[in-house]
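Scroll down for the structure; my scribbles are underneath it.
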Amino acid sequence: MNPILLLKLDLHVHTIYSYDGLITPKELIWQLRKKRLDGVAITDHDTIRGWAKFEKTLNKHGFIAIPGVEVSAKNAHILALNIKMRIPSGLEIDETIDLIHDDGGLAIAAHPVAVYRGWTRKLSGRFDAIEVVNASSFPFYFSTFFAKRLAARLKLPQVAGSDAHYYREVGAAYTIVKADGFSLDDVLQTIEKGKTIPRGKFIPLHIRLKREALILKRKLG
Ligand SMILES: [Zn+2]
Ligand SMILES: [Zn+2]
207 MNPILLLKLD LHVHTIYSYD GLITPKELIW QLRKKRLDGV AITDHDTIRG
257 WAKFEKTLNK HGFIAIPGVE VSAKNAHILA LNIKMRIPSG LEIDETIDLI
307 HDDGGLAIAA HPVAVYRGWT RKLSGRFDAI EVVNASSFPF YFSTFFAKRL
357 AARLKLPQVA GSDAHYYREV GAAYTIVKAD GFSLDDVLQT IEKGKTIPRG
407 KFIPLHIRLK REALILKRKL G
């Protein structure tokens, strides 16, 4: 039997292929090394356009690469991991989870305590995990506290991700996955079993402001 590996993975990252993302493959590799991460899930908003390019670069540099997408469901954002097809946006939460499961993916409730959405009451145990630490969430400590309580109530695995859109945000939060091996299957099965430790902090204000300025610049062309 293999010794257990403690893998550090940021499970929520947006790239230049997201309408609001900035991160290029080169920048991602640079930051993964800086933060000593073992890998990352690419979770652009409602698109998988960037996957092929990022997979190639991440594999070349020896990082674990998880294909994914952040699906905009009705009143909720759902991280779909191990998904290589586009899941339609705007569907009900349960319908979206079904489509993700049909395609062999994991459905994770992203930043569930976005209080203005008020959808946490509708959350069911049908998710595979809850993102309890999201480094971009505001207010951070409040969101983390309630998301952890929610995951405990639903008896679901707990994961963390940065929700980075700018490369310096990658790794601000990450999930420690206690895997038996380094393969994608090992990692996904371990997350499903809940052998995970969510870690992370709020992204510092000066980096958030820089992100906003760069995104605005990109939108204005
Ligand atoms: Zn989101
Ligand atoms: Zn996101």
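First residue of the sequence shown: 207, per this note's numbering; consecutive thereafter. Think of the CB as a built atom: it goes at the ideal place given N, C-alpha and C, for glycine as much as any other residue.
Could you check if residue i belongs to the surroundings of ligand 1, using beta carbon to heavy atom distance under 8 Å?
i	result
E276	yes
D334	no
A316	yes
H283	yes
D369	yes
Determine the extent of the alpha helix (DSSP H) in which residue i is found, giving its start and end residues.
i	result
R405	Careful: R405 lies outside any alpha helix (DSSP H), inside the beta strand (DSSP E) at 402-406.
H307	299-308
T263	257-266
I235	231-240
On a Cα-Cα basis, can you pick out the residue from the options that is closest to residue i?
i	options	result
V277	T302, R255, W257, F260	T302
L234	I210, G387, Y373, H317	Y373
T253	L420, F344, P231, Y225	Y225
L329	R292, K280, N288, D308	K280
T396	A419, L287, H371, D308	L287
E398	A335, K361, G310	A335
D428	I289, R332, P318, N340	Past the boundaries of the shown model lies residue 428; the chain is included only from 207 to 427, so the question cannot be answered.
F346	F408, K361, F388, A353	F408
K214	Y380, R414, N265	Y380
I284	L238, D250, G268, K262	D250
L411	S389, A378, L394	A378
G400	L360, I413, V376	L360
From the DSSP output, which residues share a beta bridge with residue i?
i	result
A353	In DSSP, A353 forms no bridge with anything.
E375	According to DSSP, E375 bridges with nothing at all.
I272	A247
T381	L215, P404
N340	G367
How is the beta strand (DSSP E) around residue i delimited, first residue to last?
i	result
V393	It is not in any beta strand (DSSP E) - V393 instead sits in the alpha helix (DSSP H) that spans 390-399.
I413	Taken as a continuous stretch (DSSP letters only), I413 belongs to no beta strand (DSSP E), being part of the alpha helix (DSSP H) at 411-426.
K214	211-219
G367	364-367
I254	Taken as a continuous stretch (DSSP letters only), I254 belongs to no beta strand (DSSP E), as it is neither H nor E.
H283	282-287
What I want to know is whether the C-beta of residue i ends up closer than 8 Å to one or more non-hydrogen atoms of ligand 2.
i	result
S295	no
S349	no
T249	yes
D216	no
D252	no
D300	no
S342	yes
H220	yes
**Prompt:** Just checking, does the segment 396-414 make contact with the segment 359-372 on the three C-beta pairs under 8 Å criterion?
**Reply:** Yes: at least three Cβ pairs fall under 8 Å.
**Request:** Check whether the segment 230-249 touches the segment 210-221, taking contact to mean three or more Cβ pairs, one atom from each stretch, closer than 8 Å.
**Result:** Contact holds between the segment 230-249 and the segment 210-221, because three or more Cβ pairs, one in each stretch, are under 8 Å apart.
**Message:** Three Cβ pairs or more, each shorter than 8 Å: is that satisfied between the segment 417-427 and the segment 380-387?
**Reply:** Touching, no, given that fewer than three Cβ pairs across the two stretches are closer than 8 Å.
**Item:** Validate contact between the segment 412-419 and the segment 257-269 using beta carbons, cut 8 Å, 3 pairs
**Value:** The answer is no - the segment 257-269 does not touch the segment 412-419, with fewer than three Cβ pairs under 8 Å.
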